[in-house]
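Data first, discussion second: the structure below is written as structure tokens.
Protein chains: 2
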Amino acid sequence: MKKVIAIQGAEGSNHHKVAHDFYGTSIELKECMSFDVLVDSLLDGSATLAVMALENTIAGSIIPNYALIDNNNLHIIGEEYLNINHHLMCLKGQELKDIKEVWSHPMALLQCKEFFKKHPHIKLIEDVDTAEVAKRIANKNLKGIAAIAPKIAAEIFDLVVIEDEIQTIKDNSTRFVIVQTTAPNNGIDQINKASLKFQLNHKRGSLAAILNVLSDCKMSLTKIQSLPVIETPWKYSFFVDVTFDDYKEYKKAEAILKIMAEEFKILGTYKNGRK
Amino acid sequence: MKKVIAIQGAEGSNHHKVAHDFYGTSIELKECMSFDVLVDSLLDGSATLAVMALENTIAGSIIPNYALIDNNNLHIIGEEYLNINHHLMCLKGQELKDIKEVWSHPMALLQCKEFFKKHPHIKLIEDVDTAEVAKRIANKNLKGIAAIAPKIAAEIFDLVVIEDEIQTIKDNSTRFVIVQTTAPNNGIDQINKASLKFQLNHKRGSLAAILNVLSDCKMSLTKIQSLPVIETPWKYSFFVDVTFDDYKEYKKAEAILKIMAEEFKILGTYKNGRK
Numbered sequence: 003m004k005k006v007i008a009i010q011g012a013e014g015s016n017h018h019k020v021a022h023d024f025y026g027t028s029i030e031l032k033e034c035m036s037f038d039v040l041v042d043s044l045l046d047g048s049a050t051l052a053v054m055a056l057e058n059t060i061a062g063s064i065i066p067n068y069a070l071i072d073n074n075n076l077h078i079i080g081e082e083y084l085n086i087n088h089h090l091m092c093l094k095g096q097e098l099k100d101i102k103e104v105w106s107h108p109m110a111l112l113q114c115k116e117f118f119k120k121h122p123h124i125k126l127i128e129d130v131d132t133a134e135v136a137k138r139i140a141n142k143n144l145k146g147i148a149a150i151a152p153k154i155a156a157e158i159f160d161l162v163v164i165e166d167e168i169q170t171i172k173d174n175s176t177r178f179v180i181v182q183t184t185a186p187n188n189g190i191d192q193i194n195k196a197s198l199k200f201q202l203n204h205k206r207g208s209l210a211a212i213l214n215v216l217s218d219c220k221m222s223l224t225k226i227q228s229l230p231v232i233e234t235p236w237k238y239s240f241f242v243d244v245t246f247d248d249y250k251e252y253k254k255a256e257a258i259l260k261i262m263a264e265e266f267k268i269l270g271t272y273k274n275g276r277k
Numbered sequence: 003m004k005k006v007i008a009i010q011g012a013e014g015s016n017h018h019k020v021a022h023d024f025y026g027t028s029i030e031l032k033e034c035m036s037f038d039v040l041v042d043s044l045l046d047g048s049a050t051l052a053v054m055a056l057e058n059t060i061a062g063s064i065i066p067n068y069a070l071i072d073n074n075n076l077h078i079i080g081e082e083y084l085n086i087n088h089h090l091m092c093l094k095g096q097e098l099k100d101i102k103e104v105w106s107h108p109m110a111l112l113q114c115k116e117f118f119k120k121h122p123h124i125k126l127i128e129d130v131d132t133a134e135v136a137k138r139i140a141n142k143n144l145k146g147i148a149a150i151a152p153k154i155a156a157e158i159f160d161l162v163v164i165e166d167e168i169q170t171i172k173d174n175s176t177r178f179v180i181v182q183t184t185a186p187n188n189g190i191d192q193i194n195k196a197s198l199k200f201q202l203n204h205k206r207g208s209l210a211a212i213l214n215v216l217s218d219c220k221m222s223l224t225k226i227q228s229l230p231v232i233e234t235p236w237k238y239s240f241f242v243d244v245t246f247d248d249y250k251e252y253k254k255a256e257a258i259l260k261i262m263a264e265e266f267k268i269l270g271t272y273k274n275g276r277k
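Laid out in structure tokens, this is it:
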């Protein structure tokens, strides 16, 4: 039976690329036009897995997606880091000078603003998605229109990339996670990273005490982020990622944190996606 | 001489409210349509102070604004927390049923989506700003058009608020900071908060060691956030806010951190804006 994997955006998007990298081609995609819809499709059982962007080097953590994972008790079972590149693509046989309009998501247009300043003959039109426009150009044989999308979209829809990496900021590494509703049965030997969440009072030294435990148990911190707990002054949530070599040491840290921290929660244990 | 204060957005915006709360009415505003323009106006001397949103409870830290402060060596000299409320306003003598169109910033329209679902007779039109639309409605006497803006805009432009707090998520506390290019001469007795930045290698226990120092010096942590240093694998920047009672203890912590952490930088010392 094919796995149904929910992705944010359409076929040919970066989310699709992550699904493909993890599970190959024998998957069934469920295209979702928002992260809320993505999570709903897990909750109602219409998808078994979902790919979700969680942070990037330009904007930092995507806090609403952390909230979606946390509030719906989803489990992170894997992660991948991708460099996000925007490529300009159109029907084959055309060049940049033939392009009259670019249709794309407002965020993608914004991220490529400097490029389009140099090509004022191109009109920018806001659209619902990036890759979906590539599909529409191919299906409807639209001449003079270009899409901004990842390379995988050009391959799928048989388009030509006329300009590579047109985004203003060249380094935009995005971290994607694979989530599901049930706790996974990952092989323990594969696991060397954990995402944890806990609460602490605004008390001097409370976080240092937790980090000392993590350090004593040989955990390396790869991310830490505090968020005030809404409507509870002086209480903070912490989202922490750690990597480790020894799963037994991790279980020891987990057992101590369960006692020390309030509302301790494991968002997931999985294989580190950083090369 | 009037102080020139740069704000993001237009007169009547939340940024304007913060400028007003800090410096009263005898100020000259410089309206900036982006945070980049805001910072440029400090750098070229056309403004002496700037108000900048830095984080909010929905989206978390506004990382690009941290980068603007850090890269341009700006100094944080004050902060204020505001609950962001969107109010629907129009020319006096009109009611909700008279409104045909709402013009506003795409983000404000998005944040009030649920309200407008219940009022499908109103057409939503994207515009460049929130408060600037309120001004335009007043100046051009536009009937049937409403703006989404803070209460201060209705007062300034003599409009009537026809619906209060129409945003979907009611708790959106935003932290604003006042920044300038030169180090401030704050009275030491006013100072009980500091924003610090430093780098650490991805080494077990390095952050715990720093937090132990802060704790030993009686600093309370109110925010911590890690960001990977782009193009330097395994190196992390940390943005940390601390509050304290004793300025001498703070100076002690500062002196130790200067020795322990790499690229240690004080983004600002100022009076805690949390009540």
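Sequence lines, in order, name chains A and B.
With this note's numbering applied, the first sequence covers 3 to 277.
With this note's numbering applied, the second sequence covers 3 to 277.
The C-beta atom is built at its ideal place from N, Cα and C for all residues, glycine as well.
Computed from a predicted model, the values in this text were never measured in an experiment.
- Within chain B, no residue has its beta carbon less than 8 angstroms from that of residue 106(A); the closest one is some 15 angstroms off.
- If you draw a straight line from the Cα of residue 31(A) to the Cα of residue 111(A), it comes to about 26 angstroms.
- Remark: C-beta atoms of residue 212(A) and residue 90(A) do not approach each other more closely than 7 angstroms.
- Listed in chain order, the positions of the segment 35-68 of chain B with a beta carbon within less than 8 angstroms of a beta carbon of chain A are 59, 60, 61, 62, 63, 65, 66.
- Think of a sphere of 8 angstroms around the beta carbon of residue 210(B): the chain A residues whose beta carbon falls inside it are 210, 213, 214, 216, 217, in chain order.
- For residue 240(A), the enclosing beta strand (DSSP E) has its first and last residue at 237-245.
- The alpha-carbon of residue 214(B) is positioned some 21 angstroms away from that of residue 269(B).
- For residue 203(A), the enclosing beta strand (DSSP E) starts and ends at 195-203.
- Chain-ordered listing is empty here: chain B has no CB closer than 8 angstroms to the CB of residue 239(A), the nearest sitting near 11 angstroms.
- Residues of chain A with a Cβ closer than 7 angstroms to the Cβ of residue 225(B) are, in chain order, 228.
- With 16 or more other CB atoms across the displayed protein chains lying within 10 angstroms of its CB, residue 59(B) is buried.
- Separation of the CB atoms of residue 151(B) and residue 140(B) is rounded to 11 angstroms, and the pair is thereby denied contact status at 8 angstroms.
- Contact check between the segment 171-185 of chain B and the segment 63-83 of chain B: three or more CB pairs, one atom from each, fall below 8 angstroms, which counts as touching.
- Within the segment 71-150 of chain B, the runs of beta strand (DSSP E) at least 3 residues long that lie entirely inside it are, in chain order, 77-85, 89-92, 103-106, 125-128.
- Under the Cβ distance rule, residue 206(B) counts among the residues neighbouring chain A, one pair being separated by less than 7 angstroms.
- Here residue 169(A) is buried, its C-beta having at least 16 other C-beta atoms within 10 Å.
- At a cut-off of 7 angstroms between beta carbons, residue 222(B) contacts chain A.
- In the DSSP annotation of this structure, the continuous segment of the beta strand (DSSP E) that includes residue 226(B) starts and ends at 222-230.
- In this structure, residue 190(A) and residue 273(A) do not form a Cβ contact; the two beta carbons are roughly 11 angstroms apart against a cut-off of 8 angstroms.
- Assigned with DSSP and collapsed to three states, residue 190(B) falls in helix.
- Considering only 41(A), 52(A), 117(A), 185(A), the residue with the shortest C-alpha distance to residue 171(A) is 117(A).
- In the DSSP assignment, residue 267(B) is bridged to 199(B).
- For residue 9(A), there is no enclosing alpha helix (DSSP H); the residue is part of the beta strand (DSSP E) that begins and ends at 5-10.
- In this chain, residue 54(B) is not harboured by any alpha helix (DSSP H); it is covered by the beta strand (DSSP E) spanning 51-58.
- In this structure, DSSP gives residue 167(A) a state outside helix and strand, which the three-state scheme calls coil.
- Using a Cβ distance threshold of 7 angstroms, residue 156(A) and residue 104(A) do not count as a contacting pair.
- Residues 239 of the same chain have their beta carbon placed closer than 6 angstroms to that of residue 229(B), with the five preceding and five following residues left out of the count.
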